[in-house]
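Residue numbers (my numbering), protein chains in the order written: chain A, 1 to 316; chain B, 1 to 316. Have a look at the structure below before the remarks.
Protein chains: 2
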Amino acid sequence: MKTTTALGIDIGGTNICCALVSDEGELSFEQNFSTKNFIEPSHLVAQVYETYVALIQQNNFELAGIGMGAPNGNFFSGSIEHAPNMPWKGIVPLAKLFAEKFNCLSLLTNDANAAAIGEMQFGAAKGMKDFLMITLGTGLGSGVVSNGQLIYGHDGFAGELGHTIYDYNGRPCGCGRKGCLETYCSATGIVRTVQEWLSDETVITYLRNEENLTAKNIYEAAKAGDALALKAFDFTAEILGRKLADAVAVTSPQAIVLFGGLANAGALLFEPTKKYMEANMLFVYKNKVQLLPSLLKENEAAIIGAASLIYHQLKK
Amino acid sequence: MKTTTALGIDIGGTNICCALVSDEGELSFEQNFSTKNFIEPSHLVAQVYETYVALIQQNNFELAGIGMGAPNGNFFSGSIEHAPNMPWKGIVPLAKLFAEKFNCLSLLTNDANAAAIGEMQFGAAKGMKDFLMITLGTGLGSGVVSNGQLIYGHDGFAGELGHTIYDYNGRPCGCGRKGCLETYCSATGIVRTVQEWLSDETVITYLRNEENLTAKNIYEAAKAGDALALKAFDFTAEILGRKLADAVAVTSPQAIVLFGGLANAGALLFEPTKKYMEANMLFVYKNKVQLLPSLLKENEAAIIGAASLIYHQLKK
């Protein structure tokens, strides 16, 4: 008897990672490619085909489908649409290209939505029907699950919590507006916070000596008791807690799962975020919403999430 | 052959309105009761039974079910839960009481959710799968529809957009917090805006002569060209537009339907709200989201919405 597998592909501006993922969330035959090697998206399709088709046959796998997570990925069209950091410009119908080549179910969505589906299939949100997924990386990505379904919206672009506004006179955002949540609450956001404070030359902190300030430096300084770094986590958590309380008022989730660079700070981020979230919550939601760390391994989550699109679809 | 009908009940702190609603959204046999007449909820059930059972038989109707809209109504439990303005305190399992007495499907939700379902069945959102319903009455109520389903959340209390925060140092809200959207964008909110401005005694406006300032007075003054009243609509629209742009980033709806007292101001509210919403929208959503007036008659909408719960459920 053949073993069911799904091919998960995590597409980024720098790297493309692929693996076969079992229906229990286990990875095998992982491969990494440099995105810039593929001048045309069809070259990627050809490379993946060459890498995996023989392998699938030899190992007696049955391919249930191909799931992809990509920046600006649209589930409805199966396309990457105008992704600023990808070498392929315009609208790239990647799911269609894979479906034609492999002759199997091929689905694509954005990274945060794929993470949400992965968390629901194999991670912290297993068995939940209503939760929010928040990815705290370079930006703040989000996936909204309600009634057991990912909310794509009428155009496939729902779930941009990172671009709700925290401060209308706030920090310039890459989207062209001001004060978006992700300019404060992300790995990049906490670095901006510290950089702003360092411009006051009287501030004493270990971080002043860092040549290349990163969220990881700030985390390590905070763990070592650096007051400025600790204050930066508290500041980030206050804004995140406030905006999560607002998000709860829209879809009333059972849990909020935090994933990615900044979420790895653990209690340093989770404890104050939970405190500020509860302090800002409407009374009907108070002490009902769990704030959970992702249960997927950071280096596997994106591929597992992508492959989960297939398993989630087959369950319907 | 019998004609299908649903009994719609709109429950408020002052009045309770009932009617039979056809599967085309037409009302018949409307009845109004004073809420204070019913010391116990079971008295209401007995009164409605007495009023409608014979009537349903005589007119050869088949009762598909009873739908109710009520403040703090929870769809999952079928109960009114701790509604501050109702004579019945605590948790009132009204859907269960009706189901037992009538032996039929009985469903209950809050007013704004009922309005959303009504709008989807018979009104401005007919045929839509993703939209937001906003009711601008004493407060700001909301119903969120995604993938053709009302989003109730894990506890039945989703959709409190009126209690997302616009200004953390803003106006005190009845919920105990500060700066909730509904303290600005509601019939009560626009009155507060004008009252705040009137405290500056140099301001010239017709509205200074009003004994009992209402949203309707402000609307009429604005229509007559009163500068302060016009500015109050623009101020309200700016805040509403900004927060609607944020809400769009969560569920990416095809349309936003505005209903209730303040929405009756028509172009005075819709035009600036649309302008500010677009100005604050993330680029992926720009010029995609319709801002629509409700197509339900104001005096019928709550009953039609309540009855629609039944028709919507039967369609599943």
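The C-beta atom is built at its ideal place from N, Cα and C for all residues, glycine as well. All values reported here derive from a predicted model rather than from experimental measurement.
The beta carbon of residue 170 of chain B sits closer than 7 angstroms to the beta carbons of 178, 179, 183 from its chain, once the five residues preceding and following it are set aside; these are given in chain order. Residue 305 of chain A places its beta carbon less than 8 angstroms from that of residue 69 of chain A. The stretch 6–20 of chain A makes contact with the stretch 288–305 of chain A: 3 or more CB pairs, one atom from each, lie closer than 8 angstroms.
In the DSSP annotation of this structure, the continuous segment of the alpha helix (DSSP H) that includes residue 41 of chain B starts and ends at 41–58. With the criterion set as a beta carbon lying under 8 angstroms from some beta carbon of chain A, the members of the stretch 277–289 of chain B are 280, 282, 283, 284, 285, 288, in sequence order.
The alpha-carbon separation between residue 157 of chain B and residue 275 of chain A amounts to approximately 22 angstroms. Contact of residue 252 of chain A with chain B by beta-carbon distance below 7 angstroms involves 153, 154, 155, 157, 158.
In the structure shown, the three-state DSSP call for residue 308 of chain B is helix.
Of the candidates B:93, B:83, B:66, B:2, the residue whose Cα lies closest to the Cα of residue 105 of chain B is B:66. Of all residues in the stretch 133–150 of chain B, only 144, 146, 147, 149 come within less than 7 angstroms of chain A when Cβ atoms are compared, listed by chain position. Take residue 2 of chain B, set aside five residues on each side of it, and the residues of its chain with a beta-carbon closer than 6 angstroms to its own are 60, 62, in chain order. Assignment of beta-bridge partners to residue 6 of chain A by DSSP yields A:21, A:65. In this chain, the alpha helix (DSSP H) harbouring residue 100 of chain B covers 94–102.
For the alpha helix (DSSP H) assignment, the uninterrupted runs of no fewer than 4 residues enclosed by the stretch 219–305 of chain B are, from N- to C-terminal side, 227–251, 267–279. The C-alpha of residue 23 of chain B lies about 11 angstroms from the C-alpha of residue 314 of chain B. CA-to-CA, the gap between residue 102 of chain B and residue 311 of chain B works out to about 17 angstroms. When C-beta atoms of the stretch 193–203 of chain A are compared with those of the stretch 219–230 of chain A, three or more pairs fall below 8 angstroms, so the two segments count as touching. Residue 229 of chain B places its beta carbon 8 angstroms or farther from that of residue 187 of chain B.
Between residue 181 of chain A and the set A:201, A:98, A:240, A:30, the nearest pair of CA atoms involves A:240. Contact between the stretch 253–271 of chain A and the stretch 87–95 of chain A is not established, with fewer than three Cβ pairs separated by less than 8 angstroms. By the C-beta criterion, the stretch 120–135 of chain B is judged to be in contact with the stretch 143–150 of chain B, since at least 3 inter-stretch pairs fall below 8 angstroms.
Taken through DSSP and simplified to helix, strand or coil, residue 191 of chain A comes out as helix. Within the DSSP bridge table, the entry for residue 178 of chain A names A:172 as partners. Looking at the backbone, the Cα of residue 4 of chain A and that of residue 26 of chain A are separated by about 12 angstroms. The Cβ neighbour count for residue 217 of chain A, taken over all protein chains shown within 10 Å, is at least 16; the residue is labelled buried. Interface with chain A (8 angstroms Cβ-Cβ cutoff): residue 214 of chain B is excluded. Spatial neighbours of residue 38 of chain A in its own chain (CB-CB distance under 6 angstroms, excluding positions within 5 residues in sequence) are listed in chain order as 44.
The beta carbons of residue 75 of chain A and residue 113 of chain A sit closer together than 8 angstroms.
If you draw a straight line from the Cα of residue 118 of chain B to the Cα of residue 308 of chain A, it is about 36 angstroms long. Of A:237, A:284, A:265, A:234, the smallest CA-CA separation from residue 252 of chain A is found for A:284. Interface residue (Cβ-Cβ distance to chain A less than 8 angstroms): residue 164 of chain B is classified as such.
Taking 8 angstroms as the upper bound for CB-CB distance, residue 108 of chain A and residue 73 of chain A are in contact here, some 5 angstroms apart.
Against chain A, a Cβ distance below 7 angstroms from residue 175 of chain B picks out 282, 283. For residue 234 of chain A, no CB of chain B lies under 8 angstroms from its own CB, so it is not counted at the interface with that chain.
Looking at the DSSP output, residue 135 of chain B sits in a beta bridge with B:141, B:259.
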